[in-house]
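Worksheet for the structure shown next.
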Amino acid sequence: MESLGVLLLHPMNAYLEQELDSRFRLFRFWDSPPDGRAEFLRANSSAIRAVVGNAGYNADAALIDALPSLEIVASFSVGIDRVDLPKCRERGIRVTNTPDVLTDDVADLAVGLAIAALRKIPQADRYVRAGLWKAKGDYTLTTRFSGKRVAILGLGRIGLAIAKRAEAFGCSISYHSRSEKPFPNYKFFTNVVDLAANCDVLIVACSLNAETHHMVNRKVMDALGPDGVLINIGRGALVDEPELVSALLEKRLGAAGLDVFEHEPFAPEQLFSLDNVVLVPHVGSDTEETCKAMADLVLKNLEAHALNKPLLTPFSGKRVGIIGLGRIGLAIATRVEAFDCPVNYYQRTKKDCPSYTYYPSVVELAANSDILVVACPLNEQTRHIVNREVIEALVPKGLLINIGRGPHVDEPELVSALVEGRLGGAGLDVFEDEPNVPEALFALDNVVLVPHVGSGTHETRQAMADLVLGNLEAHVLKKPLLTPVV
Amino acid sequence: NRKGVALLAVVATLKLATMAAAGGKPAVLLLRPVDAPFAAALRDRFRVLDLYAPGQALPALAFVAAAAAVPEPPRATVIWGGVRVDASFLDAAPSLRCVVSTAAGLDHIDLAECARRGVAVANSGEVYSTDVADYAVGLLLDVLRRVSASERYVRRGSWAAQGDYPLGSKLGGKRVGIIGLGNIGSRIAKRLEAFGCIIHYNSRKPKDSVSYKYFPNVHELAAESDVLVVACALNKATRHIVNKDVLEALGKDGVVVNIGRGANIDEAELVIALREGKIAGAGLDVFEHEPKVPAELFSMENVVLSRHVAVLTEESRSDLRAHTIGNLEAFFSGQPLLTPVHADSLAQ
């Protein structure tokens, strides 16, 4: 097997670099002088089939254009705002990131920054180190962290981990997200200004894209107010940085804890003299344990690519959520994996499938999938398992695919969701009252309706018929049945 | 000069007598400075004999004696950690039947002596516990994730000039050994569990209500922990409870957090252990000889230093005010104190 040529964009991690060097053919982007980059890429373009980037340095349009043999971008980060995704889609370049393994560390830092900012720990440390602590009673009063109203912008993996930690301090949790999530204890706000107006600490934990750029703007910061605290562990550009600086300097915003900045490694110098700001150099996932786990994920994804096996943490495909991971569900999973779709699933008990993400309820599965597929058996518990709540949790523009039984889905609810445009679309092979199909669906062009043909191929019907005959014969001959249903 | 002091004493006594004659409200001997809201709240309910009143120049014990000499002398006093309540203090004010301390610890009160004289003691209860627990978590996160250290790096422009800051250490999965599972220790435990820590503890006796692993002594606790948090009171049994042995047992990847009292740790040995890399780091809010902090610590990147502020929030201030007045009102109305302290609750 020809060794995969990998371009590492930056000396981001010694272990990663070492392993890339020993397992693949490694090209170090910084080996070339800054003005010799184009030449470097030209000289190696036929060999470079993979790029490893990170939060700060990733595969942008120019780099992708310069690498005609590029097949995969494996990012040493969970945020891939610096990867040109449309260009990757256009060129058929696969993208992987490092979700989950860094969730805990980033959430830990978010809370650590909030306590540090509110209780002014770095300030106390500076004070003592400067030899200024001269009298026992010398202090300033700060404000308690426990019990504060914590608002989270983005309730994904990291946002949820932050919520769980803040709850242990008796904090109330509110959030804003693209869609409402199935957590009744957390208050959902439809817009960020209202969210900010109703909290004490606002933690930015969403991904950066065109819609979220500068989401925390002047209006939001004014709503957060002179007693409010802003914590950012997402991406610098989620916050309008010049506005943030003036809000802090003019005391329109109470305090801030920042791990990320618009122009790293430059943090706004006007903030350096402030005592109500905690500034750390993008260390959210910077622990030995997590960096190694991230590196291992990058390496495993590259190896999987090289060996034509399913990627472990693909970013590119639609997220497919499968209800029921039995024979059919698993067969669906292996097929969609080949399209780089991340696979999520729900069933009564968790299965030992480390590359598929388990969700303990159908609503949570729906909330985290782009396409929801019903593939479980029909019984008392699974009747209407896809109900209004589930349909509403399926992200705006989500798709429902039913190849199970009609009664798995609350059909009237489904029809109104589709007719009202609340659901992105559906592919339906089964209906509650076959052969009757709700006529309201006929006028829609985002729905595919087929007449219970899931097993409708000559080959399969023949095999099914053979099984039926075989079972009957076994029964008559008093032999063990071929496919008994226990 | 002696004549001047005597004159002042007389004036003070007369002033106090006048105040006492005002009648109605019970007298309270106030031996700690309080902010305006606290002072107002006390004055609303009591006749306050205030050591820190503007113009009041008598030193503490003389003031106490003068207060004890007025008609209807104070039966209750509000003190803080700076007032030693021992035999000579109690001798100076025999009228006192109740000592309400606003301090977090009790090391300044001779509980046995108070018990012998039938003087009730009330402490600050759980008023500080939440803020101290929050601070302990904040210190630990700061040490492990290098918040203050990397902050210094950013502020001096090194991020742009020198690149990424060295890696820290993950909190999740660490075994945290809490010394003292009282009001503060149990809150620390609850918070750290949400970060995925495994809780171990040492206490006078194991607690049936928790499922955390108990260790009968701090040495064994340290041997099986990655972090040691000092959250116990200071008394004879706990002085230098974290000593050279314990630090060695904790080991070179271990971190110490102290939000108890400086003297819970053998500070000299701690500095040596840090200097020689025998432990990985420390977060310290308290020191043996405050405000003196061993200068050697100032240059260490793996240490976070704070100035005994774990309790100091606006919220704990107002909670303390309400709590202190609650104890005083309970005493004067013959009800049980909200948070009485007994002589046998000496150790944690």
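For the record, the sequence lines run as chains A and B.
Quick note: the first sequence uses my numbering, first residue 145, plus one each step.
Quick note: the second sequence uses my numbering, first residue 182, plus one each step.
We treat Cβ as the ideally placed atom computed from N, Cα and C, and that holds for glycine.
Everything numeric in this text was worked out from a predicted model, so none of it was measured.
request  = Determine the burial state of H489 of chain B: buried for a count of at least 16 other Cβ atoms within 10 Å of its Cβ, exposed for fewer.
outcome  = Reading the second sequence from its first residue, position 308 is the one you call residue 489 of chain B. It is buried - the Cβ of H489 of chain B has at least 16 other Cβ atoms within 10 Å.
Residue range of the unbroken beta strand (DSSP E) whose run includes V438 of chain B = Position 257 of the second sequence, counted from the start, is the residue given in the question as residue 438 of chain B. It spans 436-439 - the beta strand (DSSP E) in which V438 of chain B sits, taken as one unbroken run.
C413 of chain B to G361 of chain B span [Cα, whole Å] = Here residue 413 of chain B refers to the residue found at position 232 when the second sequence is read from its first residue. Here residue 361 of chain B refers to the residue found at position 180 when the second sequence is read from its first residue. Going by the C-alpha atoms only, they are around 4 Å apart.
request  = Note down the Cα distance separating S367 of chain B from F513 of chain B, rounded to an integer number of angstroms.
outcome  = Your numbering for residue 367 of chain B matches position 186 in the second sequence. Your numbering for residue 513 of chain B matches position 332 in the second sequence. Counting only the Cα atoms, F513 of chain B lies some 32 Å from S367 of chain B.
inquiry  = Quick check: what's the CA-CA separation for P370 of chain A versus A341 of chain A?
reply    = If you number the first sequence from 1, residue 370 of chain A lands on position 226. If you number the first sequence from 1, residue 341 of chain A lands on position 197. Cα to Cα, the separation comes out at about 11 Å.
ask   = How would you list, in chain order, the residues of chain A whose beta-carbon sits under 8 Å from the beta-carbon of D315 of chain B?
value = By 1-based counting over the second sequence, the position of residue 315 of chain B is 134. At a beta-carbon threshold of 8 Å, the residues of chain A lying near D315 of chain B are I259, R263, R288, F289, S290, F313, ordered along the chain.
key: Unbroken stretches of the alpha helix (DSSP H), 4 residues or longer, contained in the segment 217-248 of chain A   = Within the segment 217-248 of chain A, the runs of alpha helix (DSSP H) that reach at least 4 residues and sit entirely inside it are, in chain order, 229-235.
inquiry  = In the DSSP assignment, the alpha helix (DSSP H) including C295 of chain B goes from what residue to what residue?
reply    = Counting from one through the second sequence, the residue named residue 295 of chain B turns up at place 114. 292-297 is the span of the alpha helix (DSSP H), which, as asked, contains C295 of chain B.
query = First and last residue of the alpha helix (DSSP H) that includes L418 of chain A?
reply = Here the question's residue 418 of chain A lines up with position 274 in the first sequence. Counting along the chain, L418 of chain A falls outside any alpha helix (DSSP H), and DSSP gives it neither H nor E.
ask   = Is the segment 232-246 of chain A touching the segment 428-446 of chain A, taking contact as three or more C-beta pairs under 8 Å?
value = The segment 232-246 of chain A vs the segment 428-446 of chain A: in contact.
query = Listing by chain order, which chain A residues have their CB less than 8 Å from the CB of P374 of chain B?
reply = Translated into the one-based positions of the second sequence, residue 374 of chain B becomes position 193. First, the residue type needs correcting, since residue 374 of chain B is Glu and not Pro in the sequence shown. In chain order: A312.
request  = Mind checking which residues open and close the alpha helix (DSSP H) that includes I446 of chain B?
outcome  = Here the question's residue 446 of chain B lines up with position 265 in the second sequence. Here I446 of chain B belongs to no alpha helix (DSSP H), and DSSP marks it neither H nor E.
inquiry  = Would A330 of chain B and Y346 of chain B qualify as a contact pair, given that the criterion is a beta-carbon distance under 9 Å?
reply    = If you number the second sequence from 1, residue 330 of chain B lands on position 149. If you number the second sequence from 1, residue 346 of chain B lands on position 165. Yes, they are a contact pair.
Buried or exposed by the 16-neighbour rule on C-beta atoms within 10 Å, applied to V408 of chain B = The sequence position of residue 408 of chain B within the second sequence is 227, counting from 1. That one is buried.
ask   = What residues in the segment 479-502 of chain A bring their beta carbon closer than 9 Å to a beta carbon of chain B?
value = Near chain B, meaning a CB-to-CB distance below 9 Å, no residue of the segment 479-502 of chain A qualifies.
Neighbour flag for Y346 of chain B against chain A, beta carbons, 9 Å = Your numbering for residue 346 of chain B matches position 165 in the second sequence. Yes, its Cβ sits closer than 9 Å to a Cβ of chain A.
ask   = For L287 of chain B versus T258 of chain B, is the C-beta spacing smaller than 9 Å?
value = As a first step, residue 287 of chain B must be located in the second sequence, where it is residue number 106. As a first step, residue 258 of chain B must be located in the second sequence, where it is residue number 77. Contact: no.
Cβ-based neighbour list, G405 of chain A, same chain, cut-off 6 Å, excluding 5 preceding and 5 following = Numbered from 1 along the first sequence, position 261 holds the residue referred to as residue 405 of chain A. Here residue 405 of chain A is Phe; the residue named in the question, Gly, does not match the sequence. Only G380, A411 meet the Cβ criterion.
task = Using three-state DSSP, classify T520 of chain B as helix, strand or coil.
result = Taking the first residue of the second sequence as position 1, residue 520 of chain B is located at position 339. If DSSP states are grouped into helix, strand and coil, T520 of chain B belongs with coil.
query = From A249 of chain B to D312 of chain B, what distance separates their C-alpha atoms?
reply = One-based indexing of the second sequence puts residue 249 of chain B at position 68. One-based indexing of the second sequence puts residue 312 of chain B at position 131. If I take the Cα positions, the gap works out to 36 Å.
key: Bridge-paired residues (DSSP) for N580 of chain A   = Translated into positions along the first sequence, residue 580 of chain A becomes position 436. Per DSSP, A:D577.
request  = Tell me whether A528 of chain B sits in a helix, a strand or coil according to DSSP, three-state version.
outcome  = Locating residue 528 of chain B in the second sequence gives position 347, where the first residue counts as 1. Only weak support exists for where A528 of chain B lies, its pLDDT of 43 falling under 50; the value from the coordinates is given anyway. Of the three classes helix, strand and coil, the one that applies to A528 of chain B here is coil, per DSSP.
ask   = Residues of chain A with CB under 8 Å from T472 of chain B, in chain order?
value = The count along the second sequence starts at 1 and reaches residue 472 of chain B at position 291. What sits at residue 472 of chain B in the sequence shown is Pro, not Thr. Those within 8 Å of P472 of chain B in chain A are W277, K278, A279, K280, D282.
For L613 of chain A, the first and last residue of its enclosing beta strand (DSSP E) = In the first sequence, the residue the question calls residue 613 of chain A occupies position 469. Segment 602-620 is the alpha helix (DSSP H) holding L613 of chain A; no beta strand (DSSP E) there.
inquiry  = Can you tell me where the alpha helix (DSSP H) holding H400 of chain B begins and where it ends?
reply    = The residue you call residue 400 of chain B lines up with position 219 of the second sequence. Looking at the DSSP string, the run of the alpha helix (DSSP H) that includes H400 of chain B is 399-404.
Helix, strand or coil at H358 of chain A [DSSP, three-state] = The residue labelled residue 358 of chain A in the question sits at position 214 within the first sequence. The answer is coil: DSSP assigns H358 of chain A none of H, G, I, E or B.
inquiry  = Let me see if you follow: with CB-CB separation under 9 Å, is R270 of chain A close to chain B or not?
reply    = Mapped onto the first sequence, residue 270 of chain A falls at position 126. Yes, R270 of chain A lies at the interface with chain B (some Cβ there is under 9 Å from its Cβ).
ask   = Applying the criterion that 16 or more other CB atoms from any shown protein chain within 10 Å of the CB defines a buried residue, is L613 of chain A buried or exposed?
value = Here the question's residue 613 of chain A lines up with position 469 in the first sequence. Around the beta carbon of L613 of chain A, fewer than 16 other beta carbons sit within 10 angstroms, so the residue counts as exposed.
ask   = Nearest to V337 of chain A by alpha carbon, out of A:T526, A:R167, A:V360?
value = As a first step, residue 337 of chain A is located in the first sequence; it is residue number 193 there, counting from the start. V337 of chain A has its Cα closest to that of A:V360, out of A:T526, A:R167, A:V360.
ask   = Does L325 of chain B get closer than 9 Å to chain A when you measure Cβ to Cβ?
value = Counting from 1 along the second sequence, the entry for residue 325 of chain B is found at position 144. Closer than 9 Å: yes.
task = Please name the residue in A:R193, A:A279, A:L593, A:A261 whose C-alpha comes closest to that of F468 of chain B.
result = Within the second sequence, residue 468 of chain B is the residue found at index 287, counting from 1. A check of alpha carbon separations from F468 of chain B across A:R193, A:A279, A:L593, A:A261 identifies A:A279 as the nearest.
task = Note down, in chain order, each residue of its chain lying with its Cβ closer than 8 Å to the Cβ of E161 of chain A, except the 5 sequence neighbours on either side.
result = Locating residue 161 of chain A in the first sequence gives position 17, counting from the first residue. In chain order, L152, P155, L170, R172 place their CB closer than 8 Å to the CB of E161 of chain A, counting only its own chain and leaving out the 5 sequence neighbours on each side.
query = Which stretch, first to last residue, makes up the alpha helix (DSSP H) that contains A437 of chain A?
reply = For the purposes of this step, residue 437 of chain A is identified with residue 293 of the first sequence, where counting begins at 1. Taken as a continuous stretch (DSSP letters only), the alpha helix (DSSP H) holding A437 of chain A covers 432-450.
request  = Could you pull out every unbroken beta strand (DSSP E) segment of at least 3 residues lying fully inside the segment 242-323 of chain B, listed in chain order?
outcome  = Whole beta strand (DSSP E) segments, 3+ residues: 257-260, 279-282, 301-303.
message = Just to confirm the assignment, what range does the alpha helix (DSSP H) spanning H504 of chain B have?
response = As a first step, residue 504 of chain B is located in the second sequence; it is residue number 323 there, counting from the start. It spans 495-513 - the alpha helix (DSSP H) in which H504 of chain B sits, taken as one unbroken run.
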